[in-house]
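Residue numbers (our numbering): 391 to 623. So the structure is just underneath, and the comments pick up after that.
If you want it as structure tokens, here you go:
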């Protein structure tokens, strides 16, 4: 599943670059000192990874509570089905419902704080920008959050989101250095591949929940296994 997290981040970043790309382009990095520029970009990515890890921890904790009540298999299946439906249902259908409306004010504050941070060049600027960047709404981040919930563990959820964030680093770094690289048919082809990969991940979660006895993919869950998993987590 961690491999799926990295690949989701890697491919998904071609989609997310539409939102995060402008932020990457506007980073107040040092243009004259290559060492400082690299260190500033690294701190920016650390901020994003920290935000993703916190998000994964919170939603992994939610997943754990569902696991404790014995919904581990049902949760995995439900998350898998949800991921597939999000891909298959036309976007126009989702546009009728503003899912982010309940937290609109919070998102506005994040964007406002991000705008202020982009104007500064203090030592903590890049960490702040990266951290706030991680909390901006993004469809692919939502997919990763679904997976974090299905992990059924706060630490595992945090790790899943952190690995997802690691997968976004190559493209986000490229966006800072070579913005023209992100244009053209290559980007379009990868964007078309993203829904296919999300469906594959959804199927994997469904198989895991079914407990078909397939090693590593759909292991059989017994009461002893569930109890041991809860105790360890």
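Backbone N, C-alpha and C fix where the C-beta goes; we use that ideal spot for every residue, glycine too. Keep in mind the model is a prediction, meaning the values are calculated, not measured.
Alpha carbons only, please: which of the options is nearest the one belonging to residue i?
| i | options | result |
| --- | --- | --- |
| residue 588 | 503, 417, 473 | 473 |
| residue 447 | 534, 597, 561, 594 | 534 |
| residue 544 | 436, 398, 395, 444 | 444 |
| residue 432 | 404, 563, 421, 586 | 563 |
| residue 559 | 424, 477, 428, 475 | 428 |
| residue 585 | 512, 507, 477, 426 | 477 |
| residue 426 | 506, 404, 458, 512 | 512 |
| residue 599 | 546, 461, 437, 507 | 461 |
| residue 514 | 475, 479, 437 | 437 |
Please state if the CB of residue j and the CB of residue i are separated by a distance shorter than 9 Å.
| i | j | result |
| --- | --- | --- |
| residue 555 | residue 524 | yes |
| residue 434 | residue 519 | yes |
| residue 400 | residue 561 | yes |
| residue 394 | residue 597 | no |
| residue 463 | residue 601 | yes |
| residue 439 | residue 430 | no |
| residue 537 | residue 391 | yes |
| residue 419 | residue 521 | no |
| residue 453 | residue 591 | no |
My guess is that residue i and residue j are in contact by the Cβ rule of under 8 Å, so how many angstroms apart are they, rounded?
| i | j | result |
| --- | --- | --- |
| residue 402 | residue 541 | So it is not a contact: roughly 18 Å between Cβ atoms. |
| residue 398 | residue 530 | 7 Å |
| Inter-stretch contact at 8 Å, needing at least 3 Cβ pairs: the region 546 to 553 / the region 459 to 468 | no
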